[in-house]
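Below: the structure, in structure tokens.
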Amino acid sequence: MKKIWFIIFISLCSYSYCQENWILYPKKDALDSLKVKSLSNNDSLNSDSISFNKIDSQINIQTINYISEIGSLIENKDSRIDSISNYIAKNGTYKGYTIQIYVTQETSKIREVRKNFISNFPEKTLFDEYIAPNIFLYSGKFKDYNRAELFKKELEEVFENTLVVRKNFPYKIEKK
Numbered sequence: 049m050k051k052i053w054f055i056i057f058i059s060l061c062s063y064s065y066c067q068e069n070w071i072l073y074p075k076k077d078a079l080d081s082l083k084v085k086s087l088s089n090n091d092s093l094n095s096d097s098i099s100f101n102k103i104d105s106q107i108n109i110q111t112i113n114y115i116s117e118i119g120s121l122i123e124n125k126d127s128r129i130d131s132i133s134n135y136i137a138k139n140g141t142y143k144g145y146t147i148q149i150y151v152t153q154e155t156s157k158i159r160e161v162r163k164n165f166i167s168n169f170p171e172k173t174l175f176d177e178y179i180a181p182n183i184f185l186y187s188g189k190f191k192d193y194n195r196a197e198l199f200k201k202e203l204e205e206v207f208e209n210t211l212v213v214r215k216n217f218p219y220k221i222e223k224k
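In short: position in the sequence shown from 1, add 48, done, that's this note's numbering.
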């Protein structure tokens, strides 16, 4: 028991001694108390000193300018990265959920439902899928069922018979 109280006492003492306002950034006036040298007019944030030459009590600093219009960039990239990206673009899918809004064989009805959806939910995604002979109209791509169900409740105010469906979605790989 004495050991436990001793450990608690030591930890409280060290905690109270070590606590400072190190989390807060110092005010601009307090920079001198931290002994931080401010940048003079000759110094720049865009340059770095690479060597010091001391000649007759003068210090010459050679600097490198990092911001320049002229330059080149050499990209060393493993070719396996491109092959993996191409493979994922062709074959990669993930399982998710979407809301089925409408199913029909007539494209005119799909157009009407699409216009109605866009007028009510302009920021949401909408896509369709043709599996002969039907056209399915879907909205949203969700990774979990709960978010899909919440969006379904929003859609039920406008559309009847919406349904949460599990689908495979392709990965999107950004090409430069």
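Each residue gets a CB set at the ideal place from its N, CA and C atoms; glycine is no exception.
F190 and V151 have their C-alpha atoms spaced approximately 20 Å apart.
Spanning the alpha carbons of T173 and K143 requires a straight line of approximately 17 Å. Beta-bridge pairing by DSSP links P218 to T141. Counting other Cβ atoms within 10 Å of its Cβ, F54 stays below 16 and is therefore classed as exposed.
Residue pairing from DSSP leaves T155 without any beta-bridge partner.
When rounded, the separation of the alpha-carbon atoms in I118 and Y145 is 49 Å.
Judged by pairs of C-beta atoms under 8 Å, the stretch 123-130 does not touch the stretch 176-183, as fewer than three such pairs exist. Check the Cα spacing between Y186 and each of K220, L203, A180: the tightest is with L203. Put simply, of C61, M49, E123, I136 the residue whose alpha carbon is nearest the alpha carbon of F217 is I136. The DSSP-derived three-state label of N168 is helix. DSSP places F190 within a strand segment (E or B) once states are collapsed to three.
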